[in-house]
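Working notes, beginning with the structure itself.
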Amino acid sequence: MLDVRNLTRRFGGLTAVSDASLRVEAGEIVALIGPNGAGKTTLFAMIGGFLAPNEGTVSFCDQEITGLKPHKICQAGLVRTFQIVKPFAKMTVRENIAVGAHTRIKARRAALERAEAVARQVGMEPMLDQQASTLTVAGRKRLELARALATEPRLLLLDEVMAGLNASEIAEIVPVIRKIRDSGVTILLIEHVMQAVMSLSDRIYVLNNGGMIAEGTAGEIASNPNVIEAYLGHGAQERLAQAGTDA
Amino acid sequence: MTDPSIILASLINGILTGAVYSLVALGLTLIYGVLHIINFAHGSLLMLCMYAVYFLFSIFGLDPYLSLPLVAVGAFGFGYALQRFVIGTASHGRDEITLLVTLGVSIVLENVALFVFTANERLVQVPYDLDGFDLGVTFVVVPQIVAFAASLVITLLLWLFIAKTDIGKAIRAVAKERQGARLVGINVDHVFAVSFGIGTACLGAAAALLAPTFPVAPQVGYSFVLIAFTVVVLGGMGSFFGALVGGLLIGITESLGGLFFGESLGKLGISLIFILILLFRPTGLFGQKANG
Amino acid sequence: MKRFWIAFFLFIAAAALLPAVVTSSFWLDFLTLTLFLALLGQGWNILGGYGGQFSFGHAIFFGTGAYIQVILQSKFGISAWTAIPFSVLGGIIIGLFTGFLSFRYGLRGSYFALITLAFAEAFRILATSAKVVTNGGQGIYISLNREPAATLSRLQFNSVEGYYYTALILTAVSILLAFWIENSRFGAQLMAVRDDEDAAEALGINAFRTKMTAIGLSGAVTALGGVFYVQKFLLMDPSIAYGPTKSIEMLIVPIIGGLGTIFGPLVGSIFLHGLGEASKIVTSGLIGDRPGLDLILYGVALVLILALLPNGLIGLMKGEWRRPGGKKAKQQTPEAGRDA
């Protein structure tokens, strides 16, 4: 469904993303992980149309979308959420989600009704009439998710939707994400919360210093020496192996 | 009309006036550079300072060049208080609101002047306003020369102040990194107010320099605001050197524009420059890129 | 929704019956101008309140509509009614022109405010210089209608009531327009762009096109205000058309009343215009007529409202206010903490 090839993005002398490629098939949950500053959000920004890549292409459902404006990409069925959440502060939760619904629905009343349905789907029903600016971090993250869902996407790009959530909030949102996939939406997510990543993802890509260093299932990634080095530092793999043999 | 000596005369007059524009813009760019606010009240503050100079002259017979330090200090105090107690508290630190607050202040100041002083123009008539030097192509009068020289001197002094003194360092720190400055113990609110005060003091000085040649009336603030903004945007928000260069360029534009297109159409050039810079090069000639 | 219609019909009913009670033509004129100010304020509110783009030079739309209206009548002998669509179209075109330049080059916030100011000043200078078209600084006049029978067809009234009801109709239409904005897809998208342009784009909204539509609508409504002014005062000159006074009045009224609300401009206009008039009466009794006092109060009101009532007077009615330099207070506290 999503075919990202050789994306590169430079900011002056700094190469934030270098020759990164990934694929997402319909119905999958794919995770993009990597240490802080690896370039994950930059990659998302390029896929979503907020940044133009210096090199490389992005195709969605066999249609090239590289360099298209974000609103066109959303209309094609690819929606992204933001790592630093962007609620429409002056609107209620219902009105926020309705903005997403309006991508496909013209009539106001129908959009508001769809907003209610989506809120129910993600468990935000009690907050429908609350002003978005009064929500907690967890609430805002969930609102961000609900809004994107309301646009009836085929592929959802979730950028650290669990950042800032405590353990019980994470435990609540994981099945919500799984249910979203089961309802027919493909998901590509950036995440740091490892247990969630391992339990949700069909496949995982690892990005470090702008380049893809590994790809595979959860099990393959966990034992991949390059991944361990990326997270724990140079030589960590050897030290761990040593510790393993010593023990 | 294409006689080179007339053009040269126009250029000279433009440069002489432009230096004062630079001084006016200097205050504005300092305020923007440190507080990141676009001070709409800048023109009306200048207008009030000009009234102060006028009344010191008409009531006490004080020559504007003598009252310059007085008005500058008074302006500093007024500006400090304005920022500390009105603008700072009303804005809650949000930039969009600050613009509107300074607009509100400018409306109040301009209409207080209108209400109290009426719309009549007042001009400070010094005895030496017709003395001057014949440069061949044109005759430049003493007030123009003093204004030019004093503006440059004050600009230099201000630059030294910001670069070399401790409070200048604090100002630069706050300008670059507000939170960080707060964390190392700098009283940011005080620095804001001091910077605003300095910006207003520049206006006090400029008012004294303008007084012999520019009549003052309440509406004068509005036209100065446009000129000041154009200079700052042209030179680059937050750049001293930009304000200097920008002021001279605008002075020349106004002068040459008036020469070729007449008094009112000549002023169109300034608005057009403003629009073009905002569209195509919003950082101006010497400004930094948008800061966070 | 229902609350709106109740409020709207109450307003219309009260306003329609007012001339029966208010017999003084001075006060009826005062009310007419209050409605006129509310109309202009609503025009600004569309772009500034709902769209979040604060224009400091909104007079360009007012002045263009007014000048087209007056020039077509006085120089080309076209009838007032025929001229109206052209005046409104003029407002729309100028809106799209300035909007295209500003939005295409990504101007937001203070920079957008500044460029609108520059445009207004540029237009003012052009209007002063283009003497052939506009009579320059002298202004243009429309001849006064002296035939009692022809008032509606010439859109000039011999009585204050005529202008009052015209202003009322225009203001009512502008209120309905605001109501439509708040309940339509366009309005939802516009407000999304206002609150967060990037998020709006990510949700499929073409921010540029949305803002262009808003500025076109705003230009149309404001130009209509220019049309009304010309028909009432029968003259126009560059400083009325494009000067800072109208621009400032147009933005203060909705900010004081409540940005992005349906009745905000009306409430703001009643409050400000009433305050201004009251102050003039008080001072003229004490020290004679002196211009400037009403605007002083407008400026003070603006700063106070910004400091204490970020949602304007409408917000005050809903119980929202802020302590200076401190936190917001609301009458209903939101549900604390737990969202999920």
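Protein chains in written order, with the working numbering: chain A, 1 to 247; chain B, 1001 to 1292; chain C, 2001 to 2340.
Cβ atoms here follow ideal geometry from the backbone N, Cα and C, with glycine treated the same way.
Rounded Cβ spacing between residue i and residue j (contact assumed at less than 8 Å)
| i | j | result |
| --- | --- | --- |
| B/V1137 | B/A1217 | So it is not a contact: roughly 31 Å between Cβ atoms. |
| A/I29 | A/S183 | The Cβ separation is near 12 Å, so there is no contact. |
| B/V1101 | B/S1091 | 5 Å |
Nearest neighbour of residue i, chosen from the options [CA to CA]
| i | options | result |
| --- | --- | --- |
| A/R178 | A/R94, A/P70, A/V197 and A/K40 | A/V197 |
| A/I47 | A/G12, A/L157 and A/E172 | A/L157 |
| B/F1274 | B/I1087, B/A1201, B/L1203 and B/L1249 | B/L1249 |
| A/E191 | A/G139, A/V185 and A/I170 | A/I170 |
| A/D159 | A/S133, A/Q75 and A/L188 | A/L188 |
| B/G1251 | B/F1241, B/G1199, B/K1267 and B/L1160 | B/K1267 |
| C/N2135 | C/T2166, C/S2184, C/Y2165 and C/I2068 | C/I2068 |
| B/V1174 | B/L1285, B/L1156, B/S1195 and B/V1233 | B/S1195 |
| C/L2235 | C/L2072, C/Y2111, C/A2200 and C/A2122 | C/L2072 |
| A/M212 | A/K141, A/P35, A/E238 and A/L68 | A/P35 |
| B/L1234 | B/P1212, B/G1262, B/G1269 and B/S1264 | B/G1269 |
| B/G1236 | B/T1029, B/I1007, B/V1020 and B/T1017 | B/T1029 |
| C/G2204 | C/Y2105, C/F2186 and C/A2127 | C/F2186 |
Proximity test, Cβ basis, 7 Å: residue i and chain A
| i | result |
| --- | --- |
| C/G2204 | yes |
| C/E2201 | yes |
| C/N2183 | yes |
| C/D2195 | yes |
| C/A2188 | yes |
| C/A2013 | no |
| C/A2192 | yes |
Within-7 Å CB hit, residue i to chain C
| i | result |
| --- | --- |
| A/E152 | no |
| B/V1126 | no |
| A/C74 | yes |
| A/R9 | no |
| B/L1268 | yes |
| B/G1104 | yes |
| A/S103 | The sequence given here has Thr at residue 103 of chain A, not Ser. Answer yes: the Cβ-Cβ gap between A/T103 and chain C drops below 7 Å somewhere. |
| B/Y1222 | yes |
| A/V99 | yes |
| B/E1096 | yes |
| B/L1279 | yes |
| A/F88 | yes |
| A/M120 | Inspection of the sequence shows that residue 120 of chain A is occupied by Arg rather than by Met. Output row for A/R120: interface = no. |
Proximity test, Cβ basis, 7 Å: residue i and chain B
| i | result |
| --- | --- |
| C/I2175 | no |
| C/L2155 | no |
| C/Y2163 | no |
| C/V2253 | no |
| C/E2249 | no |
| C/A2122 | yes |
| C/I2240 | no |
| C/V2133 | no |
| C/A2217 | At residue 2217 of chain C the sequence reads Leu, which differs from the Ala that was named. No, because no Cβ of chain B sits closer than 7 Å to the Cβ of C/L2217. |
| C/G2225 | no |
Check: residue i C-beta below 6 Å from any heavy atom of the ligand SAM
| i | result |
| --- | --- |
| C/P2291 | Looking at this structure, you won't find the ligand SAM or any other ligand, since it has none at all. |
State whether the segment 73 to 93 of chain A contacts the segment 2168 to 2176 of chain C, with contact taken as three or more CB pairs (one from each stretch) at a distance under 8 Å. Contact fails: fewer than three Cβ-Cβ distances are below 8 Å.
Could you pull out every unbroken beta strand (DSSP E) segment of at least 3 residues lying fully inside the segment 73 to 160 of chain A, listed in chain order? Runs of the beta strand (DSSP E) inside the segment 73 to 160 of chain A: 78 to 80 and 155 to 159.
Which complete alpha helix (DSSP H) runs does the segment 1148 to 1192 of chain B hold, if anything under 4 residues is left out? Along the segment 1148 to 1192 of chain B, the alpha helix (DSSP H) occurs as fully enclosed runs of 4 or more residues at 1166 to 1176 and 1178 to 1183, listed in sequence order.
Hey, which unbroken runs of the alpha helix (DSSP H) at 4 residues or more fall wholly within the segment 12 to 76 of chain A? Runs of the alpha helix (DSSP H) lying entirely within the segment 12 to 76 of chain A and spanning at least 4 residues, in chain order: 40 to 48 and 70 to 76.
Three-pair Cβ contact test at 8 Å for the segment 2076 to 2094 of chain C versus the segment 1195 to 1213 of chain B: In short, these stretches do not touch, since the Cβ pair count stays below three.
Ignoring anything shorter than 4 residues or poking outside the segment 2255 to 2288 of chain C, list the alpha helix (DSSP H) runs there in chain order. Counting whole runs of 4 or more residues, the segment 2255 to 2288 of chain C contains the alpha helix (DSSP H) stretches 2264 to 2287.
Three or more beta-carbon pairs under 8 Å between the segment 2294 to 2302 of chain C and the segment 2264 to 2280 of chain C, yes or no? In this structure the segment 2294 to 2302 of chain C lies against the segment 2264 to 2280 of chain C, because at least three pairs of beta carbons, one per stretch, are closer than 8 Å.
Any chance the segment 144 to 156 of chain A sits against the segment 205 to 218 of chain A, with 3 or more Cβ pairs inside 8 Å? The segment 144 to 156 of chain A makes no contact with the segment 205 to 218 of chain A: fewer than 3 CB pairs, one atom from each, lie closer than 8 Å.
Can you give, in chain order, each stretch of the beta strand (DSSP E) that sits fully within the segment 1015 to 1050 of chain B and has at least 3 residues? Runs of the beta strand (DSSP E) inside the segment 1015 to 1050 of chain B: none found.
Contact the segment 2251 to 2265 of chain C vs the segment 2033 to 2053 of chain C: 3+ CB pairs below 8 Å: Segments in contact, yes.
Which runs of the beta strand (DSSP E) spanning at least 3 residues fall entirely within the segment 1189 to 1236 of chain B, listed in chain order? Those beta strand (DSSP E) runs which fall completely within the segment 1189 to 1236 of chain B and span 3+ residues do not exist here.
Could you tell me whether the segment 2243 to 2258 of chain C touches the segment 2282 to 2292 of chain C, where touching means 3 or more Cβ pairs closer than 8 Å? Segments in contact, no.
Curious, which full-length alpha helix (DSSP H) runs of at least 4 residues does the segment 1046 to 1082 of chain B contain? If we require 4 residues or more, the alpha helix (DSSP H) runs fully inside the segment 1046 to 1082 of chain B come out as 1064 to 1081.
Three or more C-beta pairs below 8 Å linking the segment 2183 to 2203 of chain C and the segment 86 to 106 of chain A: The segment 2183 to 2203 of chain C is in contact with the segment 86 to 106 of chain A.
Examine the Cβ distances between the segment 1063 to 1082 of chain B and the segment 1204 to 1213 of chain B and report whether three or more of them are shorter than 8 Å. Result yes; three or more Cβ-Cβ pairs closer than 8 Å.
Tell me whether the segment 128 to 136 of chain A and the segment 48 to 57 of chain A touch, counting them as touching only if at least three CB pairs, one residue from each stretch, are closer than 8 Å. No: fewer than three Cβ pairs fall under 8 Å.
Give the list of continuous beta strand (DSSP E) stretches no shorter than 3 residues that lie fully inside the segment 206 to 238 of chain A. With a minimum length of 3 residues, the continuous beta strand (DSSP E) runs that stay inside the segment 206 to 238 of chain A are 211 to 216.
On the three-pair Cβ rule with 8 Å, is the segment 2211 to 2225 of chain C touching the segment 2303 to 2311 of chain C? No, they do not touch.
Runs of alpha helix (DSSP H) wholly within the segment 2074 to 2113 of chain C (minimum 4 residues, chain order): The qualifying runs are 2080 to 2104.
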